[in-house]
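**Student:** Handing you this structure, nothing more for now.
2 protein chains.
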Amino acid sequence: MKSLIFVSSNDHKYNEFRDGFKTHNISIIHMKREYPEIQGRNHNEVIINSIGGLISVIEPPFFVEDSGIEVQYLENFPSIYSSYVFKTIGLKGILNLLKDVENRSATFKSIVGYVDENYTIKIFEGKTEGEITLSPRGTGGFGYDPIFVPKDSTHTYAEMTIEQKNRISHRAKSIKQFLSYLTGTE
Amino acid sequence: MKSLIFVSSNDHKYNEFRDGFKTHNISIIHMKREYPEIQGRNHNEVIINSIGGLISVIEPPFFVEDSGIEVQYLENFPSIYSSYVFKTIGLKGILNLLKDVENRSATFKSIVGYVDENYTIKIFEGKTEGEITLSPRGTGGFGYDPIFVPKDSTHTYAEMTIEQKNRISHRAKSIKQFLSYLTGTE
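From first to last, the protein sequence lines are chains A and B.
Read the first sequence against this note's numbering and you will find it ends at 490, with the numbers running on by one and no gaps.
Read the second sequence against this note's numbering and you will find it ends at 490, with the numbers running on by one and no gaps.
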């Protein structure tokens with residue numbers, strides 16, 4: 305069985321990944337650590353800078369993931385600052401910013417960055433369209449999951465089981481592309 | 305004609321590249337600028353960190369090149385620090401360190417890092433084996449060229465014309481791989 309290092313401080317992401325990889329006979333080693341997120345203009349830049357910082361301490365191959373939510377009415381805020389915004393103004397802050405706002409459209413994005421043993425770097429993006437709820441619902445998932453209802457669903461991510469979320473989530477989509485690349489069925 | 309940005313403060317490198325690209329109907333735009341070289345354990349890491357720093361200011365696609373000489377007797381010094389060492393102790397310093405040393409074997413390496421519009425990063429390495437001379441010879445080229453004689457040659461890089469150097473140089477080899485990749489004949 306092939307094994308691959310996933311660098312992240314986030315257990316939830318690892319839990320969402322795990323099954324998809326197992327199905328393809330790849331085991332993930334979760335290297336649980338924080339790393340400085342050097343910001344860029346977009347997720348691709350953030351990911352490449354993160355990999356650049358990590359390759360000096362971790363021998364490739366490994367992969368990282370960056371995700372974020374873009375709220376249309378807020379000019380796509382908080383995007384690459386999603387994690388920072390979640391830790392500061394939080395879900396309550398986002399809901400306040402959308403108080404009495406009708407257009408609640410939002411896009412959840414997941415970007416996987418993979419660096420292989422030849423130092424080739426590949427980026428995979430998954431996105432899921434949806435809407436911001438009027439109030440938080442559900443206890444599953446993490447981050448913005450309680451206030452995001454994907455298109456064609458009536459449940460927030462946080463109201464779903466991991467299996468349900470994995471059928472439609474932005475992260476499931478980026479990982480699916482990544483797995484196709486790894487297994488050569490791209 | 306396709307065009308591609310080459311980011312470098314070095315005119316010599318650009319001059320060596322230019323013809324190879326022209327042959328493949330690709331024009332290079334030389335974006336002449338210094339950029340901070342964040343060091344790593346090897347050229348691959350240096351290159352990826354350079355790209356990481358540049359993508360925040362330059363829209364991909366673009367490419368960079370890092371080169372260095374490794375002197376066997378000196379435990380591969382100066383390698384990724386070649387540029388710094390050249391500017392400080394210089395050719396004279398290297399020749400002093402090899403005073404009365406019989407083993408004068410050295411390897412010249414060129415690493416090209418390319419980031420395309422999808423933020424995929426590819427690394428191409430070229431290397432040429434050779435020897436360090438007893439004293440500087442020739443006025444062509446740049447950097448360590450006056451003290452490096454490639455294998456099967458009696459001339460230093462600095463004693464060759466660009467065309468001659470391009471037939472055997474480490475840089476010509478990394479660029480050849482890069483061109484094969486770009487034109488899909490890899």
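All C-beta atoms, glycine included, are put in the ideal place defined by N, C-alpha and C.
Residues in the segment 392–424 of chain B with C-beta within 7 Å of chain A's C-beta atoms, listed in sequence order?
**Tutor:** Under the 7 Å Cβ criterion, the segment 392–424 of chain B contributes Asn422, Tyr423 and Thr424.
**Student:** Just reading off the alpha helix (DSSP H) that His347 of chain A is part of, what are its end residues?
**Tutor:** His347 to Leu358 is the extent of the alpha helix (DSSP H) around His347 of chain A.
**Student:** Determine whether the Cβ of Gly491 of chain B lies closer than 7 Å to any Cβ atom of chain A.
**Tutor:** Lying before the first or after the last residue shown, residue 491 of chain B is absent from chain B, which here runs from 305 to 490.
**Student:** Name, going along the chain, the residues of the segment 351–366 of chain B whose beta-carbon falls closer than 7 Å to a beta-carbon of chain A.
**Tutor:** Taking 7 Å as the Cβ-Cβ cut-off against chain A, the residues of the segment 351–366 of chain B that qualify are Ile352, Asn353, Ile355, Gly356, Ile359 and Ser360.
**Student:** For Leu395 of chain A, is the classification buried or exposed, using 16 other Cβ atoms within 10 angstroms of its Cβ as the cut-off for buried?
**Tutor:** It counts as buried.
**Student:** Give me whichever residues DSSP pairs with Met335 of chain A in a beta bridge.
**Tutor:** DSSP lists A:Val311 as partners of Met335 of chain A.
**Student:** Need the endpoints of the alpha helix (DSSP H) that Lys426 of chain A sits in, please.
**Tutor:** From DSSP, Lys426 of chain A is part of no alpha helix (DSSP H) but of the beta strand (DSSP E) over Ile425 to Ile436.
**Student:** When we look at the beta-carbon of Asn329 of chain A and count the other beta-carbons within 10 Å, is it buried (16 or more) or exposed?
**Tutor:** Answer is exposed; the Cβ neighbour count stays below 16.
**Student:** Short of 9 Å Cβ to Cβ, which residues in the segment 426–446 of chain B face chain A?
**Tutor:** Cβ contacts with chain A come from Lys426 and Ile427.
**Student:** Can at least three beta-carbon pairs, one atom from the segment 414–427 of chain B and one from the segment 340–359 of chain B, be found at a separation below 8 Å?
**Tutor:** Yes, the segment 414–427 of chain B touches the segment 340–359 of chain B.
**Student:** When the Cα atoms are used, what is the spatial distance from Arg441 of chain B to Ser371 of chain B?
**Tutor:** Cα to Cα, Arg441 of chain B sits roughly 20 Å from Ser371 of chain B.
**Student:** Between the segment 389–403 of chain A and the segment 362–371 of chain A, do at least 3 Cβ pairs fall closer than 8 Å?
**Tutor:** Touching, no, given that fewer than three Cβ pairs across the two stretches are closer than 8 Å.
**Student:** To the nearest angstrom, report how far apart Thr437 of chain A and Phe452 of chain A are at their CA atoms.
**Tutor:** Thr437 of chain A and Phe452 of chain A: Cα-Cα distance of roughly 6 Å.
**Student:** Quick one: measure Cβ to Cβ for Gly430 of chain A and His316 of chain A, integer angstroms, because I've assumed they're closer than 8 Å.
**Tutor:** That pair is no contact at about 16 Å.
**Student:** Which of the three DSSP states is assigned to Lys391 of chain A in this structure?
**Tutor:** In this structure, Lys391 of chain A counts as helix in the three-state DSSP scheme.
**Student:** Residues of chain B with CB closer than 9 Å to the CB of Gly344 of chain A, please, in chain order.
**Tutor:** The answer, in chain order, is Gly356, Ile359 and Ser360.
**Student:** Is it the case that the segment 325–345 of chain B contacts the segment 406–415 of chain B, given that we only count it when at least three CB pairs across the two stretches are under 8 Å?
**Tutor:** Output reads no: the segment 325–345 of chain B does not touch the segment 406–415 of chain B.
**Student:** Along chain A, which residues have their Cβ under 8 Å away from the Cβ of Glu369 of chain B?
**Tutor:** Within chain A, no residue comes near Glu369 of chain B; the closest Cβ sits about 14 Å away, beyond 8 Å.
**Student:** So is Glu349 of chain A in contact with chain B if we call contact Cβ pairs under 7 Å?
**Tutor:** Yes, because at least one Cβ of chain B sits closer than 7 Å to the Cβ of Glu349 of chain A.
**Student:** Compute the distance between the beta-carbons of Val350 of chain B and Ile373 of chain B, then report whether it is under 7 Å.
**Tutor:** Not closer than 7 Å, so no.
**Student:** From which residue to which residue does the alpha helix (DSSP H) around Lys482 of chain B run?
**Tutor:** The question names Lys, but residue 482 of chain B in the sequence shown is Phe. Run containing Phe482 of chain B: His474 to Leu486, per the alpha helix (DSSP H) assignment.
**Student:** State yes or no: is the C-beta of Lys455 of chain B within less than 7 Å of the C-beta of Glu433 of chain B?
**Tutor:** A contact, by the Cβ cut-off of 7 Å.
**Student:** Count the other CB atoms within 10 Å of the CB of Ile425 of chain B; is the residue buried (16 or more) or exposed (fewer)?
**Tutor:** It counts as buried.
**Student:** If you draw a straight line from the C-alpha of Pro450 of chain A to the C-alpha of Arg475 of chain A, how long is it?
**Tutor:** About 16 Å.
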